[in-house]
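Chemist:
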Amino acid sequence: MRSKILTPIFILLALFASQAHAERLSEEMMERSQGCYRGARLPALVVNHDNIPLTTAGKKTLSTTDIQNLIIEAGRSMRRPWSIESQSPGKLLATLNVRGKHTVMVDITYSTTHYSIQYKDSVNMSHAVCEGYAFIHPNYNQWVKQLKESIDNKLAAFQ
């Protein structure tokens, strides 16, 4: 009975905590989450980045081709380079392979005003969905955040 009460509390804490706190849930709470997550490290909630405004240094309006090229360049220029392929107009698939051991895939959708990065799939990242909430190895959020920052920096430098 106690674990059935704690699971909703665990979810509420994740909802109301800041993103930093949500990414680092306590081990005790995870033990009482009815075994939804099976990973070597404490899990984090999957963080998607939705409707990020496109901000550039210049006043020039970017075309969707410009945006696509900047996103691809941003991913490829990172210390851990992402492989980015066009899936359809306004949609890219970005894949990161780390040490041949971990693979993460995200969908990047974009328009002339916004872009979004959303979890698509992963290999060896202990992804699990529990009561409607997605959990994953905490490095996933760090790698995606670095990709987002690289994209933002490329866009900001565009004149």
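Mind the numbering: the sequence shown is residues 7 to 165 in this note's numbering, read in order. Positions of the beta carbon are idealized from the N, C-alpha and C atoms, including for glycine.
Taking 6 Å as the limit between beta carbons, can you name the residues of its chain near Ser89, skipping five residues before and five after?
Modeler: Your numbering for residue 89 matches position 83 in the sequence shown. Hits under 6 Å: Thr101.
Chemist: Which residues bound the beta strand (DSSP E) around Lys97?
Modeler: On the sequence shown, position 91 is the one that residue 97 refers to. Lys97 to Val104 is the extent of the beta strand (DSSP E) around Lys97.
Chemist: Rounded to whole angstroms, how far is the Cβ of Ile77 from the Cβ of Leu60, which I believe are closer than 8 Å?
Modeler: Within the sequence shown, the letter at position 71 stands for residue 77. Within the sequence shown, the letter at position 54 stands for residue 60. Actually they are not in contact, since the Cβ atoms of Ile77 and Leu60 sit about 10 Å apart, beyond 8 Å.
Chemist: With the cut-off set at 8 Å, would you say Asn159 and Val53 are in Cβ contact?
Modeler: In the sequence shown, the residue the question calls residue 159 occupies position 153. In the sequence shown, the residue the question calls residue 53 occupies position 47. No, they are not a contact pair.
Chemist: Could you have a look at Val52 and say whether DSSP puts it in helix, strand or coil?
Modeler: On the sequence shown, residue 52 is found 46 positions in, with the first residue counted as 1. Residue state, collapsed to three classes: coil.
Chemist: Determine whether the beta carbon atoms of Ile114 and Tyr125 lie at a separation below 8 Å.
Modeler: Within the sequence shown, the letter at position 108 stands for residue 114. Within the sequence shown, the letter at position 119 stands for residue 125. No, these two residues do not count as a Cβ contact at 8 Å.
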